[in-house]
Amino acid sequence: MFTDKIELKDFDKMDPEYKELLGHVLTIQADCEIGGPHLYVEKMLPAAPTKLDQLIVARTAAEEIDHFRKVARVAGDIGVDVSFVLSQPNEKRFVDTFRGLITTWEDNAVFGFLIDRVGRYQLEEFYDCSYLPLQRILPDIVTEELGHIEYGYNKTVELIESGDEGKAKAQKAIDYWYVRALDMFGRTGSKRSDRYRYWGLKRRSNEQARQDYMNEVNPILKKIGLKVPDPNVGRHYI
Amino acid sequence: MPQPVENLDKLDEHLKAVVQALHSAVKQGIPHVREPQIVDKAVADCKEILDEIMAGKVKEWLN
């Protein structure tokens with residue numbers, strides 16, 4: 240296992256595999272950061288239920304754009320240009336979850352609750368990672384992601400408490416996003432995931448991170464009166 | 019040291035300005051959510067800024 244800590248000035252000396260993996264993971268991270276606003280801004284900014292919610296949609300998008308900027312800086316400094324993801328259509332996003340459009344408020348709420356939470360997990364993979372410029376941008380980004388998760392959770396609970404119709408809508412959205420959230424962790428037994436861990440770029444295997452996520456989310460779903468979807472139905476990456 | 023990407027600083031500065039403008043519009047609107055004239059303008063400002071980012075015409079931003 241590689242245990243050194245790398246600064247930008249050391250990057251040129253690194254193994255080609257390290258360079259390739261770091262560039263790849265930064266590109267995906269940048270794509271996911273900007274992929275969120277591309278999913279919800281178009282329909283949710285005008286259609287959010289209150290003026291305050293409209294402004295929070297805009298603020299959330301602003302924070303995600305800023306996360307993209309920070310990741311793009313770390314990538315750009317090592318010569319990896321991620322700016323192309325700013326203009327690529329949703330259907331070309333690296334992660335399936337971001338290929339589409341959010342058109343209902345319940346989907347927007349659950350997206351924050353479940354998918355931004357996966358985002359937090361992905362970022363936590365880089366805690367104490369071997370590339371210090373990446374490590375340094377994490378605290379502010381994770382703090383903002385926690386705000387998105389809390390907002391999504393609160394809006395999901397509001398829906399549930401609004402009555403049977405709201406609860407049914409929330410459950411339907413959970414059924415849709417839960418399996419997508421699990422897929423976002425990638426394949427069990429992924430060799431690439433092993434190499435990320437070897438180079439100190441990630442902490443957990445895909446399956447361990449996914450299990451940790453389920454251990455966190457499932458009790459929350461039960462607490463708010465929703466059913467936990469079958470984790471094996473509708474999955475693409477088992 | 020690795021060779022940084024061309025226009026990295028320009029893109030960074032542009033996005034920083036976009037984010038600041040969005041936060042500024044949101045801050046103007048939030049205390050006035052019950053005053054349609056003010057909050058509607060704030061939402062419209064956010065929409066205008068976000069529409070530009072969503073359009074993703076990066077080359078135009080950098081020129």
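Order-wise, the sequence lines are chains A and B.
Going by the working numbering, the first residue of the first sequence is number 240, and it counts up by one from there.
Going by the working numbering, the first residue of the second sequence is number 19, and it counts up by one from there.
Just so it is clear, CB atoms sit at the ideal spot from N, CA and C, and this is done for glycine as well.
With a threshold of 7 Å between beta carbons, is residue i in contact with chain A?
i               : result
Pro49 (chain B) : no
Lys59 (chain B) : no
Gln21 (chain B) : yes
Lys28 (chain B) : no
Would the beta-carbon of residue i fall within 7 Å of that of residue j?
i                : j                : result
Ala297 (chain A) : Pro276 (chain A) : no
Lys282 (chain A) : Thr336 (chain A) : no
Leu440 (chain A) : Leu260 (chain A) : yes
Asn310 (chain A) : Glu272 (chain A) : Asn is not the amino acid found at residue 310 (chain A); the sequence shown has Val there. Contact: yes.
Leu421 (chain A) : Ala409 (chain A) : no
Val88 (chain B)  : Leu291 (chain A) : Limits of chain B in this structure are 19 at one end and 81 at the other, which puts residue 88 (chain B) out of reach.
Asn356 (chain A) : Ile388 (chain A) : Position check: residue 356 (chain A) holds Arg in this sequence, whereas Asn was assumed. Contact flag set, yes.
Leu26 (chain B)  : Gly315 (chain A) : yes
Phe350 (chain A) : Tyr392 (chain A) : no
Ala43 (chain B)  : Asp58 (chain B)  : no
Val280 (chain A) : Met72 (chain B)  : yes
Arg312 (chain A) : Gly274 (chain A) : no
Leu40 (chain B)  : Ile67 (chain B)  : yes
Leu184 (chain A) : Gly74 (chain B)  : The question about residue 184 (chain A) has no answer here: the residues shown for chain A are numbered 240 through 477.
Lys411 (chain A) : Ala348 (chain A) : no
Val418 (chain A) : Gly473 (chain A) : yes
Leu373 (chain A) : Leu362 (chain A) : no
Leu371 (chain A) : Lys244 (chain A) : yes
Ala269 (chain A) : Val321 (chain A) : yes
Ile317 (chain A) : Phe241 (chain A) : no
CB-CB under 6 Å to residue i, same chain, minus the five flanking residues each way: which ones, in chain order?
i                : result
Tyr360 (chain A) : Ala448 and Tyr452
Ala60 (chain B)  : Ala43, Gln46 and Gly47
Glu330 (chain A) : Arg338
Gly262 (chain A) : Val319
His475 (chain A) : Asp422
If we define contact as Cβ-Cβ less than 7 Å, is residue i a contact residue for chain B?
i                : result
Leu340 (chain A) : no
Ile413 (chain A) : no
Lys406 (chain A) : no
Ala300 (chain A) : yes
Ser429 (chain A) : no
Asp316 (chain A) : yes
Ala448 (chain A) : no
Gly432 (chain A) : Note on identity: in this sequence residue 432 (chain A) is Ser, with Gly being the wrong assignment. For Ser432 (chain A), the answer is no, since every Cβ of chain B falls outside 7 Å of its Cβ.
Ser326 (chain A) : yes
Leu284 (chain A) : yes
Phe241 (chain A) : no
Ser401 (chain A) : no
Ser369 (chain A) : no
Asp305 (chain A) : yes
Asp196 (chain A) : Beyond the ends of chain A as shown, which are 240 and 477, falls residue 196 (chain A); an answer cannot be given.
Ala503 (chain A) : A question about residue 503 (chain A) goes unanswered here, because the residues of chain A that appear run from 240 up to 477.
Val280 (chain A) : yes
Leu294 (chain A) : yes
Lys290 (chain A) : yes
Phe250 (chain A) : yes
Asp355 (chain A) : no
Asp422 (chain A) : no
Asp320 (chain A) : yes
Arg308 (chain A) : yes
On a Cα-Cα basis, can you pick out the residue from the options that is closest to residue i?
i                : options                                   : result
Asp346 (chain A) : A:Ile413, A:Glu256, A:Lys461 and A:Phe241 : A:Ile413
Glu383 (chain A) : A:Gln268, A:Glu303 and A:Ile267           : A:Glu303
Val319 (chain A) : A:Asn457, A:Leu247 and A:Lys394           : A:Leu247
Lys258 (chain A) : B:Ile67, B:Lys59 and B:Pro20              : B:Pro20
Gln327 (chain A) : B:Val76, B:Ile48 and B:Asn81              : B:Val76
Asp254 (chain A) : A:Gly464, A:Trp438, A:Thr266 and A:Leu460 : A:Trp438
Trp344 (chain A) : A:Leu373, A:Thr289 and A:Phe323           : A:Thr289
Phe307 (chain A) : A:Asn445, A:Glu446, A:Glu256 and A:Asp379 : A:Asp379
Ile354 (chain A) : A:Leu278, A:Ala407, A:Lys466 and A:Tyr366 : A:Leu278
Lys461 (chain A) : A:Val396, A:Met240 and A:Ile267           : A:Val396
Glu70 (chain B)  : B:Val23, B:Glu53 and B:Ala35              : B:Ala35
Identify, in the order they occur along the chain, each residue of the same chain with its Cβ nearer than 8 Å to the Cβ of residue i, setting aside the five sequence neighbours on each side.
i                : result
Ile477 (chain A) : Arg426, Thr427 and Asn471
Lys65 (chain B)  : none
Glu256 (chain A) : Arg434 and Trp438
Leu385 (chain A) : Arg359
Arg443 (chain A) : Glu364, Arg436 and Asp451
Which same chain residues, not among the five before or five after residue i, have their C-beta less than 7 Å away from its C-beta?
i                : result
Gly405 (chain A) : Leu398 and Ile399
Ile295 (chain A) : Tyr390
Met423 (chain A) : Val334, Thr336 and Val357
Asn445 (chain A) : Phe424, Gly425, Arg426, Thr427, Ser429 and Ser432
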